[in-house]
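S.K.: Quick note, this note's numbering runs 78 ahead of the 1-based positions in the sequence shown. Each residue gets a CB set at the ideal place from its N, CA and C atoms; glycine is no exception. Computed from a predicted model, the values in this text were never measured in an experiment.
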Amino acid sequence: MLALIAALSFTSLHTAIRYTSQELHVFEITFFRYLLSVPIILPLLLRSRFAILKTNCFHLHALRCLFLLCAVAGLFTALSISPLAQVTSLTFLAPVLGAAFAILFLREYAGFFRWFAVIGGFIGTLVVLRPGVIEIELGPILAIFGATMWALSILIIKVMSKTESSTTQVTYLTLLVTPVSMVAALFFWQWPNLEQWLLLFFIAGVATLGQFAYTQSFTLADTTVLMPLDFTRMVWATLFGYAFFGELPDLWTWVGGALIFSSAAMVTITEARRKPA
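(1) Helix, strand or coil for P209 per DSSP?
(2) Pull up the distance between the alpha-carbon of P209 and that of G198, whole angstroms please.
(3) Output yes or no for whether 8 Å exceeds the beta carbon distance between T108 and V174.
(4) Answer with buried or exposed for A355, where buried requires no fewer than 16 other C-beta atoms within 10 angstroms of its C-beta.
(5) Under DSSP, the alpha helix (DSSP H) around K236 begins and ends at which residues?
(6) Candidates L168, S231, G189, F183: which alpha carbon is nearest F200's?
(7) Could you round the C-beta distance between L251 and C143 to whole angstroms and report it? I think they count as a contact, below 8 Å.
(8) Given a cut-off of 8 Å on the beta-carbon distance, is the pair S158 and S99 in contact?
(9) Straight-line CA distance for L307 to L82?
(10) Assuming the contact rule is C-beta atoms closer than 8 Å, G217 and A156 should be a hit. Round their C-beta distance to whole Å, please.
(11) What number of angstroms, rounded off, separates the C-alpha of Q247 from the C-alpha of H139?
(12) So, for H103: in the same chain, excluding its five sequence neighbours on each side, which residues have a beta-carbon less than 6 Å away from its beta-carbon?
(13) Can you give me the start and stop residues for the alpha helix (DSSP H) that C148 sits inside?
(14) State whether the segment 124 to 132 contacts the segment 263 to 277, with contact taken as three or more CB pairs (one from each stretch) at a distance under 8 Å.
(15) Please go through the same chain and pick out, in chain order, the residues whose beta-carbon is closer than 7 Å to the beta-carbon of A188, but skip the five residues on each side of it.
(16) Cα separation between M344 and A285?
(17) How many Å lie between A282 and E215 at the Cα?
(18) Could you tell me the distance, in whole angstroms, from the CA atom of W228 to the CA atom of T346?
(19) How long is the line joining the alpha carbons of I130 and T245, rounded to whole angstroms?
Laid out in structure tokens, this is it:
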């Protein structure tokens, strides 16, 4: 149930971003998305008497902040100019790229299934883009860029998780991304109207709900059960894209998205089985 809630929350988030970005710049949306998460972080800081800020790898937190900002900028911009389902299909590429980067940079074990998944993910991407058949537009390129930056962020998490708690990681991410994104937002600033304020609060709320539901679902059920449910994001993206923007994905977006997702699921399930119980 939580996995389905997470999938619906993330698709609702992307839909709201698509709608809001018609009038507000994506940098401003990014700023408010994290600013409105600060009230959630403050009680954690006060309760721990700021102990959760203790870290020996601030440079990694800063690097993750940079990668995540690039990922969000790429994804949010892609959502503002490309069909919802197409961007959703390409976001499944992040775990696949994360596996490839872990092999290359962290010297993790590269078994047959891992390489098979990576190759399958790239084939799926080519199916979605169809280079040489149709013109490749800016939106899909930005979505792939966002997925790449997200994968690098995942790589940093893998490294930091050996010494840093998830609470410390989330706290630093929020406290670093908020002021940096504000600087970028100031160049495109316009004060939101009432409808936009409601949408911005909705974006922050469903983003938080999605992250919580996604994280909690893995503590309650096996990865092999949860991963297939994540593909419902494609279903929701198709429904919301048609309902709000009159978009319908073509067959190749579904085929390519299914290939990318299957590769991502294979990576996630393989890694889960490799971890000690």
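M.R.: In brief:
(1) strand
(2) 17 Å
(3) no
(4) Per-residue confidence for A355 stands at a pLDDT of 47, beneath the threshold of 50, marking its modelled position as unreliable; no derived number is given.
(5) 216 to 238
(6) L168
(7) 6 Å
(8) yes
(9) 6 Å
(10) 5 Å
(11) 7 Å
(12) F266
(13) 136 to 159
(14) no
(15) I181
(16) 25 Å
(17) 29 Å
(18) 15 Å
(19) 7 Å
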